[in-house]
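Below is one structure, written out as structure tokens; the observations come after it.
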Amino acid sequence: MRKTWLIIKREYLTGVRTKAFIITTILLPALGAGFFALILFLVNKQPSRTFRLAIVDEAGEMASSISRGLQGKLPDGQPEFTIVQSIELPSAVESVEEDLRDQINSGKLDAYLVVPQDLKQPVELHTRNSGNFSLLGPLSTAVNRAMILKRLNARGIHVDESEISGAANLQLIKVGKTGESVERGQTIGVAIALVILLYVSLVAYGILTMRSVLEEKTTRTMEVLVSSVRPFELLAGKIIGVAGMAFTQLLIWGGCLALLLGYGAVMSVSVGSGSPLSSIRIPGSLVIYAVIFFLGGYFLYSAMFAAIGSACSSEQDAQQLQWLAMAPLVFTMCIYSLILTDPSSRVSMILSEIPFFAPVLMPLRLSLQSPPFWQIGLAIALLFLTTIGAIYASGKIYRVGVLMYGKRPTLPELVRWLRYS
Amino acid sequence: MDAIALENVTKSYDGVTAVDGVSLQVREGAILGLLGPNGAGKTSTIRMVMNILVPDEGSIRVFGQLVSDETRESIGYLPEERGLYPRMKVLNVIVFLAALRGLSEAEAEKRAREWLARFELSDWADKKVQDLSKGMQQKIQFICAVLHKPRIVILDEPFSGLDPVNAATVKDTMLEMRNQGSTIVLSTHRMEQVEKLCDSICLIDKGHNVLAGELRAIKESYGKNTVHIEFTGPDSFLSLPSIASVDRFAAGAEAKLKPGADTQEILKAAMQAGARINRFELLEPSLNDIFIEKTGHA
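Going down the list, the sequences are from chains A and Y.
Just add 65 to wherever you are in the first sequence, counting from 1, and you've got my numbering.
Just add 108 to wherever you are in the second sequence, counting from 1, and you've got my numbering.
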């Protein structure tokens with residue numbers, strides 16, 4: 066135990082003092098916060114100027130009705146839309162559209178709307194920037210409203226226009242064991258962030274463990290070490306030492322995030338509006354489960370990475386073999402959207418029970434809904450049993466591998482090493 | 109009691125027998141030279157003594173106890189495949205390795221500073237290992253092997269990479285440790301070092317122990333069968349039937365005699381041939397000769 070502790074201490078202390086560790090610890094959250102700020106900035110700034118629209122109304126009475134429905138304001142107080150031109154019942158549609166297209170191409174106009182004579186036909190929005198979905202909402206609402214009014218008028222029913230409101234305000238409420246919360250996309254946001262965080266951490270710290278083993282081989286420190294430490298103690302110390310580094314880094318980041326969220330909550334209270342940050346609530350149970358699954362996954366994968374490191378004699382060899390440990394993780398990233406769309410389906414359930422995928426997929430399910438407890442328990446049990454098996458197998462490969470130099474072993478050779486006494 | 113005793117030790121990997129029935133005793137307080145060509149099984153033998161490998165058959169005892177993780181605490185080991193963490197500070201590496209061998213960190217640091225001073229490396233204690241020259245790193249590794257004052261020290265090629273001055277320092281240190289009662293196993297290819305340092309030798313070839321014993325006794329058993337002649341003039345006398353082989357050099361030759369050869373006849377033949385004799389000496393065979401004879405190759 067004393068020796069394992071010495072190995073852990075050395076691994077941890079030399080690890081956290083490296084430039085790479087310090088730089089990633091500081092720079093990654095800074096980059097993340099920067100990106101986040103940039104996205105918020107872009108989202109808030111998007112409709113920064115008034116949208117210039119022309120309406121070609123082949124049905125009649127629609128243009129003025131639609132423009133009355135487009136009274137939205139931009140954050141700076143300017144109107145969201147301005148109707149540059151409004152042509153009711155044009156005599157020559159083709160030439161009118163020709164002219165409007167010219168105006169769009171010369172930049173005088175952003176789009177024109179064509180309302181067909183037969184209102185059952187689609188209404189067309191002609192624009193140069195067809196990716197601007199954020200304006201489709203208010204536009205279609207205005208068109209719908211104008212159509213309803215026109216039909217009501219046709220039946221002789223006259224209503225106050227203001228009675229027909231805009232879009233119904235549909236609010237998603239997430240039902241969970243702990244109660245209900247208003248959903249504005251923050252659950253998906255947290256879920257995807259969790260998947261990415263778990264995936265990146267498992268790969269990054271796994272490879273760190275592999276590198277650390279490899280360093281002892283390439284610098285020939287290994288034989289000096291195994292002459293006084295059992296290979297298994299060395300392996301255990303290394304994995305725990307790197308885990309210590311991982312938790313140090315994650316704690317620092319988690320602390321920063323908590324501060325940021327706390328700040329967001331304070332801000333929203335003082336400002337009084339529902340800022341997207343203030344609505345993010347990460348339940349404590351999710352954090353605990355995520356830590357449990359991360360730990361299990363980390364030990365599982367870093368044992369595999371360490372075995373690969375011990376079997377190789379150079380970085381190049383290791384890079385060729387590391388796919389063995391990477392493959393299940395990469396596969397996880399390919400299929401996680403299946404769970405995102407339907408976390409309670411049978412496929413989601415089975416995938417999240419498989420030990421190699423569980424470290425990422427079970428926390429993902431947990432963030433989306435509350436799976437039955439037996440499923441969580443089973444996943445944890447399977448994961449830790451597999452992890453123990455993997456550490457045992459890695460220990461065997463490690464014991465043989467650390468003293469082997471020369472060509473990269475093949476897969477059958479690695480399997481044969483498992484059988485050495 | 110023997111410091112190390114191997115009995116009929118066998119080890120094979122994937123059907124290749126690396127060590128085949130080797131028996132060997134190392135007397136306490138002696139320096140043993142472990143010799144043998146590359147791939148003879150020396151490193152495998154040492155690794156088994158260090159409990160890094162487990163023998164397939166036979167037993168290994170250290171001070172009478174079967175090899176275990178405890179017995180190796182009393183052994184200092186400088187492997188041939190050696191290195192240090194390049195990005196750690198010199199003092200930290202030494203203390204770390206000594207702590208793994210059971211020393212307290214405070215004691216390890218105190219001794220490390222003494223040894224660094226002795227090897228004129230005090231100024232380098234807080235430098236990173238990668239900033240040191242190869243020879244300096246070699247000395248650090250030697251310090252790491254002996255810092256915990258082990259009763260047995262196993263040194264695999266301790267002189268490789270050392271200049272003559274540093275090699276002499278290491279050699280003197282080894283003799284000093286021997287005089288203080290340590291047992292030393294020296295594995296090397298450099299015969300002249302073995303002849304100067306070792307009390308006994310063990311020669312391994314193709315996994316077998318082909319020769320073992322006190323160096324003195326082994327040499328005496330070969331008798332004085334070599335003639336060292338320095339001369340000028342014709343050398344036709346070197347083809348006498350009583351001469352087994354000849355090693356020529358600038359000032360003369362070394363001739364190995366067949367059993368029962370008369371050295372006087374050789375001297376007479378040389379004078380008759382008209383050679384001018386500057387030196388004529390009867391010698392024991394060199395360790396190098398014994399090595400070549402026993403293994404069939406250098």
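The beta carbon of each residue, even a glycine, is placed where N, CA and C say it ideally should be.
Chain A within 9 angstroms of residue i, Cβ atoms only
i, result
"residue 158 of chain Y", "yes"
"residue 379 of chain Y", "no"
"residue 181 of chain Y", "yes"
"residue 59 of chain Y", "The shown model of chain Y, from 109 to 406, leaves out residue 59 of chain Y, and the question about it has no answer."
"residue 207 of chain Y", "yes"
"residue 161 of chain Y", "yes"
"residue 155 of chain Y", "yes"
Chain-ordered chain Y contacts of residue i [CB-CB under 7 angstroms]
i, result
"residue 484 of chain A", "By Cβ distance, chain Y contributes nothing, its closest Cβ being about 11 angstroms from residue 484 of chain A, past 7 angstroms."
"residue 75 of chain A", "204"
Residue i: contacting residues in chain A (beta-carbon distance under 7 angstroms)
i, result
"residue 187 of chain Y", "288, 289, 292"
"residue 471 of chain Y", "With chain Y covering only 109 through 406, there is no way to say anything about residue 471 of chain Y."
Element boundaries [alpha helix (DSSP H), containing residue i]
i, result
"residue 399 of chain A", "388 to 406"
"residue 376 of chain Y", "371 to 381"
"residue 224 of chain Y", "213 to 226"
"residue 176 of chain A", "Segment 176 to 180 is the beta strand (DSSP E) holding residue 176 of chain A; no alpha helix (DSSP H) there."
"residue 120 of chain A", "First-last for residue 120 of chain A: 116 to 122, but that is the beta strand (DSSP E), not the alpha helix (DSSP H)."
"residue 416 of chain A", "411 to 418"
For residue i, three-class secondary structure by DSSP
i, result
"residue 341 of chain Y", "coil"
"residue 454 of chain A", "helix"
"residue 280 of chain A", "helix"
"residue 205 of chain A", "helix"
"residue 457 of chain Y", "This structure does not reach residue 457 of chain Y, given that chain Y is present from 109 up to 406, and the question cannot be answered."
"residue 193 of chain Y", "coil"
"residue 355 of chain Y", "strand"
"residue 338 of chain A", "With a pLDDT of 46 at residue 338 of chain A, under the threshold of 50, the modelled position of that residue is not reliable, and the figure given next carries that caveat. Coil at residue 338 of chain A, not helix or strand."
"residue 475 of chain A", "coil"
"residue 84 of chain A", "helix"
"residue 171 of chain Y", "coil"
"residue 265 of chain Y", "coil"
"residue 363 of chain Y", "strand"
"residue 126 of chain A", "coil"
"residue 286 of chain A", "coil"
Residue-level contact to chain Y via CB, residue i, 9 angstroms cutoff
i, result
"residue 473 of chain A", "no"
"residue 273 of chain A", "no"
"residue 357 of chain A", "no"
"residue 91 of chain A", "no"
"residue 37 of chain A", "Given a span of 66 to 486 for chain A in the structure shown, any question on residue 37 of chain A remains unanswerable."
"residue 257 of chain A", "no"
"residue 72 of chain A", "yes"
"residue 466 of chain A", "no"
"residue 401 of chain A", "no"
"residue 452 of chain A", "no"
"residue 366 of chain A", "no"
"residue 470 of chain A", "yes"
"residue 397 of chain A", "no"
9 angstroms Cβ cut-off: residues of chain Y touching residue i
i, result
"residue 79 of chain A", "193, 195, 196, 200"
Partners in chain A for residue i, counting only beta-carbon separations shorter than 9 angstroms
i, result
"residue 395 of chain Y", "Correct list: empty, because the minimum Cβ distance to chain A is about 27 angstroms."
Chain-ordered neighbours of residue i on chain Y, where CB pairs are closer than 8 angstroms
i, result
"residue 279 of chain A", "Those do not exist, as residue 279 of chain A stays about 13 angstroms from chain Y at its closest Cβ, beyond 8 angstroms."
"residue 284 of chain A", "191, 192, 193, 194"
"residue 68 of chain A", "208"
Span of the beta strand (DSSP E) around residue i
i, result
"residue 114 of chain Y", "110 to 121"
"residue 133 of chain Y", "124 to 135"
"residue 150 of chain A", "146 to 153"
"residue 167 of chain A", "Careful: residue 167 of chain A lies outside any beta strand (DSSP E), inside the alpha helix (DSSP H) at 158 to 170."
"residue 192 of chain A", "189 to 192"
"residue 186 of chain Y", "183 to 186"
"residue 430 of chain A", "That residue, residue 430 of chain A, is in no beta strand (DSSP E); its alpha helix (DSSP H) goes 423 to 433."
"residue 252 of chain Y", "First-last for residue 252 of chain Y: 242 to 254, but that is the alpha helix (DSSP H), not the beta strand (DSSP E)."
"residue 313 of chain Y", "308 to 313"
Worksheet item: Does the stretch 340 to 354 of chain Y come close enough to the stretch 166 to 182 of chain Y to have 3 or more Cβ pairs within less than 8 angstroms?
Response: no
Discussion item. Count Cβ pairs between the stretch 187 to 203 of chain Y and the stretch 281 to 288 of chain A that sit closer than 8 angstroms; are there 3 or more?
Written reply: yes
Worksheet item: How do the stretch 252 to 272 of chain A and the stretch 130 to 146 of chain Y stand: do at least 3 beta-carbon pairs fall below 8 angstroms, yes or no?
Response: Cβ pair count under 8 angstroms is below three, so no.
Discussion item. Check whether the stretch 350 to 363 of chain Y and the stretch 317 to 324 of chain Y are in contact - that is, three or more C-beta pairs closer than 8 angstroms.
Written reply: no
Discussion item. Can you confirm whether the stretch 147 to 157 of chain Y touches the stretch 255 to 266 of chain Y when touching is taken to mean that 3 or more C-beta pairs between the two stretches lie within less than 8 angstroms?
Written reply: Yes, the stretch 255 to 266 of chain Y is in contact with the stretch 147 to 157 of chain Y.
Worksheet item: Taking three-plus beta-carbon pairs below 8 angstroms as touching, is the stretch 420 to 436 of chain A in contact with the stretch 352 to 369 of chain A?
Response: yes
Worksheet entry | Three or more C-beta pairs below 8 angstroms linking the stretch 386 to 396 of chain A and the stretch 293 to 311 of chain A | With a cut-off of 8 angstroms, the stretch 293 to 311 of chain A and the stretch 386 to 396 of chain A do not count as touching, because too few Cβ pairs lie within range.
Discussion item. Tell me whether the stretch 299 to 318 of chain A and the stretch 68 to 82 of chain A touch, counting them as touching only if at least three CB pairs, one residue from each stretch, are closer than 8 angstroms.
Written reply: yes
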